[in-house]
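All you need for the working numbering is the position in the sequence shown, starting with 1, plus 18.
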Amino acid sequence: MSLLQLWQIPSSSFPKLGLRTVPGRVMHPMTCLCKQVQTTAYEIVNGSYIPSHDSKLDSDKVQSKATVENTGAFRKLPMVMPSIDILYSALRKAKRVSPTKGIANIAKRERNRGAKQLDALLKELALPLRTYKETFPRKEYLHPYERSLIELTLGDGNYEAALGKIEALRKKVVSVGKEHASLCAKSMSKREAEERLSEGMKKLEEIFQSEGKAVDKLLDIAKTLRAMPVIDLETPTLCLVGAPNVGKSSLVRILSTGKPEICNYPFTTRGILMGHITLSYQNFQVTDTPGILRRHDEDRNNLEKLTLAVLTHLPTAVLYVHDLSGECGTSPSDQFAIYKEIRARFSDHIWLDVVSKCDLLRESPVIFVTEDGKADDSELARYRKMGPDGALHVSVKNEVGLDDLKSRVHHLLISQSARIKTHNSNQEDLGSPQIVGL
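Now the structure itself:
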């Protein structure tokens, strides 16, 4: 049964047809506040995106004051209704619109009713579309970390394209609705008014059914973005980094409330996973990141780029994890090359090196068949055997070194907390906005 046929059915009959109905009240967009959830969906804290200057439109003036000093814009996303629900709701509300009282002429009354119902329908369809366009933040005003999440999760340009389709649909609904409402208002007879009302309803139905997928696409985007972990820039954060399958997720489970998936294959971590650490009545954040392979940046996949985005845009302390047992699938020499590159690139971060799975280490260092075991590199030779200088050796399986690890992590995060406070204090003294990336 088409929506045009449903138009002829009294609203009291809708429940009998088993259709989803919406109470006869104005639907307002709601802000989704995510509660504390472990792993991929996590508590969003102190979020805001602030709109810039130099804008011509009023809506741009609101967003034109934007700075990128904080995270958390995704919690401001409105609740997006499925396109079919918007259509049914608009249809029911428009059907209840009555002609203006006091019109005695039947033809005039009918064309008045048709014009008012078409006008009501286009407004009910256009209102949520306008709300979505105005309340989804413009990407250029997001924190760089959140911009990276959008680009790497949704694909570059897909977010803007989805909002563009919403605006195009809104404009089309308004244009077509006004055109048919005007034609209905000019009808010369009751029958002509009814026909033009029917034509207008059918046209708006066709448009929304054929192009309403843009709304459903935006609904999926909103769900994806709300699941993005948002790091509170005021809370010290520990970021675990290393090659794939070196044991980062196991350490996250030991150190925090986070419960990431743990399997013996590369890239188990398919996103940024969050947890909390509570030490001496202080709360800290910990994030597990996808593993990094030995290759150029242009060859990296989106999982690796997520890790680099966290290190680039967020003020985190780094817990770098090494696996010299030969179990992770990445040779010690490749891990050494990755480590040196990341260490040099992010030398301004507070750092702690950990060699995991120390229960599996042998007296003779592991050398893969693709490596040159006789290579004259004393630094690499020491790394193969013990890891970086000063690295802490731990084993989750045998619980070796875990107490020492927790103590070292605590001191690391205390230092990160002091660094954040000092930075923020300096920014306040200078009277300038806070800049991320300590």
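Beta carbons are placed, not taken as given, at the ideal position from N, Cα and C, and that holds for glycine.
Keep in mind it's a predicted model, so treat the numbers as computed, not measured.
S193 is classed as exposed because its beta carbon has fewer than 16 other beta carbons within 10 Å across all chains shown.
One thing to note: L258 has its Cβ no nearer than 7 Å to the Cβ of A335.
For C202, the enclosing alpha helix (DSSP H) has its first and last residue at 176-203.
Apart from sequence neighbours up to five positions away, the residues of its chain that approach G230 with a beta-carbon distance below 8 Å are S101, I102, I104, L105, L187, ordered along the chain. In chain order, M99, I104 place their CB closer than 7 Å to the CB of P146, counting only its own chain and leaving out the 5 sequence neighbours on each side. In this structure, T275 keeps its C-beta atom at 7 Å or more from the C-beta atom of I290.
For the 7 Å CB-CB criterion, H198 and T89 do not form a contact.
For L170, the uninterrupted alpha helix (DSSP H) run begins and ends at 162-172, by DSSP. Straight across, the Cα-Cα distance linking Q300 with G265 is about 25 Å. Residue state for Y299 is assigned as coil, using DSSP reduced to three classes.
DSSP places T255 in the strand class (E or B) of the three-state scheme. In the DSSP assignment, H340 falls within the unbroken beta strand (DSSP E) covering 335-340. The Cβ atoms of P383 and K358 do not sit closer than 7 Å to each other. Here DSSP, grouped into helix, strand and coil, assigns S396 to helix. Taking every protein chain shown into account, the CB of N130 has 16 or more other CB atoms within 10 angstroms, so this residue is buried. Annotation for A232: K183, I184, L187 place their beta carbon closer than 6 Å to its own, counting only its chain and skipping 5 residues before and after. In the displayed model, T305 falls within a strand according to three-state DSSP.
Boundaries of the alpha helix (DSSP H) harbouring D352: 350-363, taken from the DSSP string. Looking at the DSSP output, G260 bridges to V339.
Counting along the chain, the unbroken beta strand (DSSP E) around V373 starts and ends at 369-373.
Per DSSP, P146 is one residue of the alpha helix (DSSP H) stretching across 124-153. Counting along the chain, F92 sits inside no alpha helix (DSSP H), nor does DSSP assign it H or E at all. In the DSSP annotation of this structure, Y159 is not part of any alpha helix (DSSP H), being labelled neither H nor E. Judged by DSSP secondary structure, L236 falls within the alpha helix (DSSP H) whose first and last residues are 231-244. The continuous stretches of alpha helix (DSSP H) do not include S116, and DSSP gives it neither H nor E.
For N416, no alpha helix (DSSP H) segment is defined, and its DSSP state is neither H nor E.
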